[in-house]
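The sequence shown begins at 850 in my numbering and counts up one residue at a time. Ideal placement from N, C-alpha and C gives every residue a C-beta, glycine not left out. All values derive from a computational prediction rather than experimental measurement. Remarks on the structure that follows.
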Amino acid sequence: MNGGSCNDIPLRSAQGRIYRHSTKKLVAPLTSKAGSTAKAYTAENAKRIQWMSRHELPQEEGAFLLYLAERSISQGSSSLSKSLAAYQLAHDALTPDTQRFATELIRTRKRKESETRRQPAVASLEEINKVIELAKNADPKTERDVLITLLSWTALLRASEVSELKWTDLHHFTEY
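Here's what the structure looks like:
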């Protein structure tokens, strides 16, 4: 048992031989990443180092959080996630508090993106009634289009979902 570090755990085989198993975190080197990922991470780390140098900040976690916070003003959550992944690859691991703060910063940015995302247009009852009026001419194609519109509106189906329906999928109920 002598000569092992505090990160080694002695393991005994069935034959009684002692082996040592390291519990140290293995960090994949940059070369194990896909070429495009390695290139993106290298570029991201270069941007971060340049930003920290320009602001005369040390290359440490606190400065990295400032970098992420400033970038969160103008960059999306995916860019922030890439910055975090690139930093982690270059610096092994973050402290739990730093990891939590960085993750929350990214999560907040993602929420903000979802709030500002444009919602789909919704047809009004008045617009639906105009479409129904079109059914008054006996054209079968127009009747089909009106049926598709009514199904979409009342059953909250997408056009692609309605287009996949078959007559056997439809049931008429007179009572609710």
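Please state if the CB of G925 and the CB of E962 are separated by a distance shorter than 8 angstroms.
Numbered from its first residue, the sequence shown carries residue 962 at position 113. Numbered from its first residue, the sequence shown carries residue 925 at position 76. Yes.
Thinking C-beta only, is L929 closer than 8 angstroms to L917?
Mapped onto the sequence shown, residue 917 falls at position 68. Mapped onto the sequence shown, residue 929 falls at position 80. A contact, by the Cβ cut-off of 8 angstroms.
Since I955 contacts L938 with CB under 8 angstroms, what's their CB separation in whole angstroms?
Your numbering for residue 955 matches position 106 in the sequence shown. Your numbering for residue 938 matches position 89 in the sequence shown. Not quite, the Cβ-Cβ distance comes to about 16 angstroms (not below 8 angstroms), so this is no contact.
Go ahead and pull the three-state DSSP assignment for F913.
By one-based count along the sequence shown, residue 913 stands at place 64. Three-state DSSP puts F913 in a helix.
Between E910 and K959, what straight-line distance do the alpha-carbon atoms span, to the nearest angstrom?
On the sequence shown, position 61 is the one that residue 910 refers to. On the sequence shown, position 110 is the one that residue 959 refers to. Rounded to whole angstroms, E910 to K959 spans 22 angstroms at the Cα level.
Report yes if the CB atom of L999 is closer than 8 angstroms to the CB atom of L1006, and no otherwise.
On the sequence shown, residue 999 is found 150 positions in, with the first residue counted as 1. On the sequence shown, residue 1006 is found 157 positions in, with the first residue counted as 1. No, the Cβ-Cβ distance between L999 and L1006 is not below 8 angstroms.
From I981 to R966, what does the alpha carbon distance come to, in whole angstroms?
Along the sequence shown, one-based indexing puts residue 981 at 132. Along the sequence shown, one-based indexing puts residue 966 at 117. If you take the alpha carbons of I981 and R966, they lie about 31 angstroms apart.
On a Cα-Cα basis, can you pick out the residue from Y936, R897, E964, H940 that is closest to E919?
Along the sequence shown, read from residue 1 onward, the residue named residue 919 stands at position 70. Measuring from the Cα of E919, the nearest candidate turns out to be R897.
Since I believe A887 is in contact with K931 (beta carbons under 8 angstroms), could you give me their beta-carbon distance rounded to a whole number of angstroms?
To locate residue 931, count along the sequence shown from 1; it is residue 82. To locate residue 887, count along the sequence shown from 1; it is residue 38. The pair is not a contact, with the Cβ atoms about 12 angstroms apart (cut-off 8 angstroms).
Roughly how many angstroms lie between the CA atoms of H915 and S921, to the nearest whole one?
The sequence position of residue 915 within the sequence shown is 66, counting from 1. The sequence position of residue 921 within the sequence shown is 72, counting from 1. Inspection of the sequence shows that residue 915 is occupied by Leu rather than by His. Cα to Cα, L915 sits roughly 10 angstroms from S921.
The alpha helix (DSSP H) spanning R949 covers which residue range?
The sequence position of residue 949 within the sequence shown is 100, counting from 1. Note, R949: alpha helix (DSSP H), 945 to 965.
First and last residue of the alpha helix (DSSP H) that includes S932?
Numbered from 1 along the sequence shown, position 83 holds the residue referred to as residue 932. Where S932 is concerned, the enclosing alpha helix (DSSP H) stretches over 926 to 939.
Per DSSP, what kind of secondary structure is D988 in: helix, strand or coil?
Counting from one through the sequence shown, the residue named residue 988 turns up at place 139. Reduced to three states, the DSSP call for D988 is coil.
Could you check what DSSP says for E905 in three-state terms: helix, strand or coil?
The sequence position of residue 905 within the sequence shown is 56, counting from 1. In the structure shown, E905 sits in coil (DSSP, three-state: anything other than H, G, I, E or B).
Using CA coordinates, which residue listed in Q899, F950, S927, A972 is at the minimum distance from A1052?
Since the first residue of the chain shown is 850 and the last is 1025, residue 1052 is not available in this structure.
Between which two residues does the alpha helix (DSSP H) carrying K979 extend?
Within the sequence shown, the letter at position 130 stands for residue 979. Per DSSP, the continuous alpha helix (DSSP H) segment holding K979 begins and ends at 974 to 983.
Please return the same chain residues whose Cβ sits closer than 7 angstroms to the Cβ of V876, not counting the five positions on each side in sequence.
For this step, residue 876 is matched to residue 27 along the sequence shown. With a pLDDT of only 44 at V876, under the threshold of 50, the placement of this residue in the model should not be trusted; the figure read from the coordinates follows. So the list reads D941, once near-sequence residues are dropped.
What did DSSP end up calling L1014 once you bin it into helix, strand or coil?
Numbered from its first residue, the sequence shown carries residue 1014 at position 165. If DSSP states are grouped into helix, strand and coil, L1014 belongs with coil.
Taking the straight line between their C-alpha atoms, what separation do you get for W1002 and W1016?
Translated into positions along the sequence shown, residue 1002 becomes position 153. Translated into positions along the sequence shown, residue 1016 becomes position 167. About 18 angstroms.
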